[in-house]
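Colleague: Chains as they are written, first to last, in our numbering: chain V, 1 to 102; chain E, 103 to 557.
One structure, as structure tokens, below. Some questions next.
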Amino acid sequence: MATLFELCDLIRSKNAGPFVLTFDLMFSSRENYDRAKKARPLTRALLAKMYGQAEEDITLVYHDHALAIKASMPRPIFQGELQDSDCYGGQQYVPLLDLRVD
Amino acid sequence: MEVRVLAATGVLGAGFKVESLRRGVELEPTFIACDAGSTDSGPAYLGSGKPKLSRDACKRDLRLLLNARDALRVPLIIGSCGTSGRDVGVDWVADLAREIAAEERIHFRAALIKSDQSAAYLKMRFGHGRIRPLQPAPLLTEDVIESSHVVGMMGAEPIAAAIAAGADVVLAGRASDSALYAAVPLMHGAHAGLVWHAAKTLECGAACAVVPAADGMFAVIRDDHFDIEPLDLAARCTPQSIAAHTLYENANPFLLTEPSGVIDTQYADYVANSERSVRVSGSRFTEAKEYTVKLEGAQLVGYQTAVIGGIRDPHIIRSLDSLLPKAKAYFDARIADLFPGQLSSDDYDISYRIYGRDAVMGLLEPMRDSHAAYEVGVLITITAPSQELANKIATLVSHVSAHLPVPQYHGIISSIAYPFSPPELPRGPVYRFSLNHVVLPDDPCEMFRTEVLEF
């Protein structure tokens with residue numbers, strides 16, 4: 001067992017425009033990426049639950065060239081709304097760090 | 103066929119190494135381009151029209167680029183001028199260009215392409231069903247159109263038209279970052295898939311390099327591939343770093359929408375030319391059946407005053423969930439008493455962010471109930487229809503918040519530690535993004551106005 005944090009050399013969240021939140025998980029080797037691609041630690045259903053979104057609104061891509069998983073979803077609170085506390089969407093990835101990969 | 107592209111840096115004013123630009127000039131680019139804007143820093147820039155980066159920083163970069171252009175006699179394209187790309191942002195960069203021209207004794211023909219959208223035009227297109235929401239989008243009404251500052255995000259066509267008409271320097275309003283890099287290669291008849299994929303990769307400058315930097319990139323687009331490398335000889339890019347750049351700030355790394363179509367990188371192949379240069383092939387571009395221009399809008403929400411404090415007492419921290427709703431109910435009653443007939447509770451907002459508990463992730467915070475913090479930071483924001491009202495309400499809020507009726511104690515207590523006197527910090531106007539829509543114009547250029555100036 002390993003966590004996504006241990007298998008990746010970069011995990012980040014970011015705005016993709018003011019209305020979409022996106023997550024990039026960059027694996028530190030092809031071996032780590034292949035392991036995650038096989039184990040599928042991230043699913044649309046899990047992300048929907050963690051971030052309070054509808055599963056059909058979530059994009060999830062495994063990118064073989066980039067050795068990366070990418071997920072995108074509607075921003076839970078649109079950027080710049082009075083209740084938004086993360087203008088760049090940059091600190092929303094943290095609950096993903098400890099997800100386990102077989 | 104060969105088009106040589108110099109990308110100066112990720113955003114005008116972020117800086118780049120003089121040596122990198124010099125090397126780019128030696129590589130004899132067909133044109134130079136640089137983006138100057140973004141929505142990433144929030145709605146304040148589009149709402150206010152004020153640029154994010156300083157005049158000095160933007161002028162430094164622009165001076166170096168205008169001198170490089172003058173030496174090479176090739177087009178220089180700057181897009182999304184003044185952060186928001188509003189007309190005032192284009193005029194702001196044009197003023198810098200005018201000053202530099204005089205100081206450096208250089209001359210050029212500048213095309214200013216304005217992208218502000220009038221309420222009359224938008225209401226006409228809205229009425230004809232030619233404005234469509236993207237997903238997700240706030241509700242669009244005529245009231246939203248009338249109360250928003252709106253820009254249209256131009257594609258490559260208005261930029262190409264300005265260059266075809268003889269512009270040496272293009273200062274564009276809001277533009278697709280990629281369009282700045284695609285316009286000239288498309289004019290040369292280069293392969294659309296390669297052009298748009300190269301453009302998408304170049305638009306953040308050396309953000310796709312290892313290590314990412316605010317610096318320049320160079321690409322050479324040929325018949326069946328493009329080569330790309332950072333201008334700084336100490337930096338490099340790898341097949342992985344170039345492939346990974348399509349992830350950055352995009353929703354889907356394989357399908358990237360532009361006004362005229364969709365970049366498809368799914369079948370792209372990335373190979374190393376050397377330690378620091380990558381060759382990309384197989385990129386595709388699917389022309390859209392309907393041309394779309396994305397709209398960005400910002401609307402005034404109100405005026406804000408902030409109060410910052412901290413709480414150290416664990417009994418108070420644990421009681422916040424019951425104390426804060428009581429405090430808010432008290433504020434509503436007190437405000438109704440102080441401003442009778444002037445303010446209803448819908449007209450203002452009083453919000454608490456508890457740093458150390460759930461301020462960053464709010465209701466999504468999985469650790470919210472762990473009570474792990476021995477100290478929390480409190481940020482209170484008060485938003486009202488005028489700065490004067492926000493300040494007045496803030497003095498009430500900061501006073502009451504300092505004396506919360508903590509159930510464990512009998513008698514008055516100071517429940518928040520304020521570092522400042524006075525604790526209220528007026529913040530000025532606050533804005534929200536009010537549109538995530540596209541217009542279906544009759545022509546790619548109809549929403550943009552070009553003005554030619556000789557400097």
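Backbone N, C-alpha and C fix where the C-beta goes; we use that ideal spot for every residue, glycine too.
All figures in this text were calculated on a predicted structure; none of them were measured in a lab.
#1: Would you mind telling me which residues of chain E sit closer than 7 Å to P76(V), beta carbon to beta carbon, in chain order?
#2: Is R386(E) helix, strand or coil when you go by DSSP?
#3: Chain V beta carbons: is any one of them nearer than 7 Å to that of G144(E)?
#4: Tell me whether E477(E), by its Cβ, gets closer than 6 Å to a heavy atom of the ligand SAH.
#5: Which of the three DSSP states is assigned to S72(V) in this structure?
#6: Considering just the uninterrupted stretch of the beta strand (DSSP E) at R551(E), what are its terminal residues?
#7: Three or more beta-carbon pairs under 8 Å between the stretch 119 to 128 of chain E and the stretch 301 to 318 of chain E, yes or no?
#8: Grab me the residues of R200(E)'s own chain with a C-beta within less than 7 Å of its C-beta, minus the 5 sequence neighbours each way, in chain order.
#9: Please report the Cβ distance between V192(E) and L214(E), rounded to the nearest whole angstrom; I am assuming they are in contact, meaning their Cβ atoms lie under 8 Å.
#10: Interface residues of chain V around R455(E) at Cβ under 8 Å?
#11: For a contact meaning CB atoms closer than 7 Å, what does P95(V) contact in chain E?
#12: Could you pull the start and end residues of the beta strand (DSSP E) that Y62(V) belongs to?
#13: Run through chain E and tell me which residues come within less than 7 Å of K70(V), C-beta to C-beta.
#14: Can you tell me which of the three DSSP states G443(E) falls into?
#15: Of all Cβ atoms in chain V, is any one closer than 7 Å to the Cβ of F535(E)?
#16: Please classify G363(E): is it buried, with 16 or more other beta-carbons within 10 angstroms of its beta-carbon, or exposed?
#17: Using only alpha-carbon positions, find the residue among P287(E), D544(E), T552(E) that is nearest to Y223(E).
#18: Could you tell me which residues DSSP puts in a beta bridge with K14(V)?
#19: For a test of the three-state rule: what should DSSP assign to S424(E), helix, strand or coil?
#20: Please classify E104(E): does DSSP put it in a helix, a strand, or coil?
#21: What's the gap between the Cα of R171(E) and the Cα of M73(V)?
#22: Quick check on I330(E): does DSSP put it in helix, strand or coil?
#23: Pairs of beta-carbons, one from the stretch 333 to 348 of chain E and one from the stretch 371 to 380 of chain E, closer than 8 Å: are there three or more?
#24: Can you check which of these residues, D158(E), I484(E), K494(E), is closest to V116(E) by C-alpha distance?
#25: For P238(E), does the three-state DSSP call read helix, strand or coil?
#26: Out of A300(E), S186(E), N169(E), T485(E), point me to the one whose CA is closest to G139(E)'s CA.
#27: Take the Cβ of E104(E) as the centre, count every other Cβ of all protein chains shown within 10 Å, and call the residue buried at 16 or more, exposed below.
#28: Going by C-alpha distance, which of V20(V), K37(V), F19(V), L47(V) is nearest L96(V)?
#29: Report yes or no: is there a C-beta of chain E within less than 7 Å of the C-beta of K49(V)?
#30: Based on DSSP bridge pairs, tell me the residues matched to V312(E).
#31: Please confirm whether K302(E) and L358(E) have their CB atoms less than 7 Å apart.
#32: If you compare alpha carbons, which of V499(E), Q489(E), R470(E) is closest to A558(E)?
#33: With distance defined between alpha-carbon atoms, name the residue in R188(E), L445(E), L108(E), L114(E) nearest to E128(E).
#34: Residues in the stretch 227 to 249 of chain E with C-beta within 9 Å of chain V's C-beta atoms, listed in sequence order?
#35: Label K391(E) either buried or exposed according to how many other C-beta atoms from any shown protein chain fall within 10 Å of its C-beta, with 16 as the threshold for buried.
Modeller: Looking at the atomic coordinates:
#1: The count along the first sequence starts at 1 and reaches residue 76(V) at position 76. Ordered by position in chain E, the residues that pass the 7 Å Cβ test against P76(V) are L466.
#2: In the second sequence, counting from the first residue as 1, residue 386(E) sits at position 284. Looking at R386(E) - three-state DSSP - the assignment turns out to be strand.
#3: One-based indexing of the second sequence puts residue 144(E) at position 42. Yes - at least one Cβ of chain V is within 7 Å of the one on G144(E).
#4: In the structure shown, the ligand SAH is absent, as is every other ligand, since no ligand is present at all.
#5: Stepping through the first sequence from its first residue, residue 72(V) is reached at position 72. The answer is strand: DSSP assigns S72(V) an E or B state.
#6: Position 449 of the second sequence holds residue 551(E). From DSSP, the beta strand (DSSP E) with R551(E) extends over 551 to 556.
#7: Verdict: yes, contact present.
#8: By 1-based counting over the second sequence, the position of residue 200(E) is 98. Excluding positions up to five away in sequence, the list reads F557.
#9: As a position in the second sequence, residue 192(E) is number 90, starting the count at 1. As a position in the second sequence, residue 214(E) is number 112, starting the count at 1. V192(E) to L214(E), Cβ: 5 Å. Contact.
#10: As a position in the second sequence, residue 455(E) is number 353, starting the count at 1. Going along chain V in sequence order, the residues near R455(E) (Cβ under 8 Å) are S85.
#11: Position 95 of the first sequence holds residue 95(V). Within chain E, the residues near P95(V) are P468.
#12: Along the first sequence, read from residue 1 onward, the residue named residue 62(V) stands at position 62. Y62(V) -> beta strand (DSSP E) spans 59 to 63.
#13: As a first step, residue 70(V) is located in the first sequence; it is residue number 70 there, counting from the start. Neighbours of K70(V) on chain E, chain order: L349, P355.
#14: Taking the first residue of the second sequence as 1, we reach residue 443(E) at position 341. DSSP places G443(E) in coil when its eight states are reduced to three.
#15: Within the second sequence, numbered from 1, the residue matching residue 535(E) stands at position 433. So yes, F535(E) belongs to the interface.
#16: By one-based count along the second sequence, residue 363(E) stands at place 261. The residue is buried, with at least 16 neighbouring Cβ atoms inside 10 Å.
#17: The residue given as residue 223(E) occupies position 121 in the second sequence. Considering only alpha carbons, the answer is D544(E).
#18: Position 14 of the first sequence, counted from the start, is the residue given in the question as residue 14(V). K14(V) pairs with T22(V).
#19: In the second sequence, residue 424(E) corresponds to position 322, counting from 1. S424(E): helix per DSSP, three-state reduction.
#20: For this step, residue 104(E) is matched to residue 2 along the second sequence. When DSSP states are grouped into helix, strand and coil, E104(E) belongs to the coil group.
#21: Numbered from its first residue, the second sequence carries residue 171(E) at position 69. Numbered from its first residue, the first sequence carries residue 73(V) at position 73. As the crow flies, the alpha-carbon of R171(E) is around 41 Å from that of M73(V).
#22: For the purposes of this step, residue 330(E) is identified with residue 228 of the second sequence, where counting begins at 1. Residue state, collapsed to three classes: strand.
#23: yes
#24: To locate residue 116(E), count along the second sequence from 1; it is residue 14. Inspection of the sequence shows that residue 116(E) is occupied by Ala rather than by Val. Of the candidates D158(E), I484(E), K494(E), the one whose C-alpha sits nearest the C-alpha of A116(E) is D158(E).
#25: Here the question's residue 238(E) lines up with position 136 in the second sequence. In this structure, P238(E) counts as coil in the three-state DSSP scheme.
#26: Position 37 of the second sequence, counting from 1, holds the residue named residue 139(E). The option with the nearest alpha carbon to G139(E) is S186(E).
#27: The residue given as residue 104(E) occupies position 2 in the second sequence. With fewer than 16 Cβ atoms within 10 Å of its Cβ, E104(E) is classed as exposed.
#28: Here residue 96(V) corresponds to residue number 96 of the first sequence, with the count starting at 1. The shortest C-alpha separation from L96(V) is found at L47(V).
#29: Locating residue 49(V) in the first sequence gives position 49, counting from the first residue. Using a CB distance cut-off of 7 Å, K49(V) does not count as an interface residue toward chain E.
#30: Counting from 1 along the second sequence, the entry for residue 312(E) is found at position 210. Partner(s): R338(E).
#31: Within the second sequence, numbered from 1, the residue matching residue 302(E) stands at position 200. Within the second sequence, numbered from 1, the residue matching residue 358(E) stands at position 256. Contact: yes.
#32: Residue 558(E) cannot be examined here, being either before or after the span of chain E that is shown, 103 to 557.
#33: As a first step, residue 128(E) must be located in the second sequence, where it is residue number 26. The option with the nearest alpha carbon to E128(E) is L108(E).
#34: L236, Q237, P238, A239, P240
#35: The residue you call residue 391(E) lines up with position 289 of the second sequence. Exposed, because fewer than 16 other Cβ atoms sit within 10 Å of the Cβ of K391(E).
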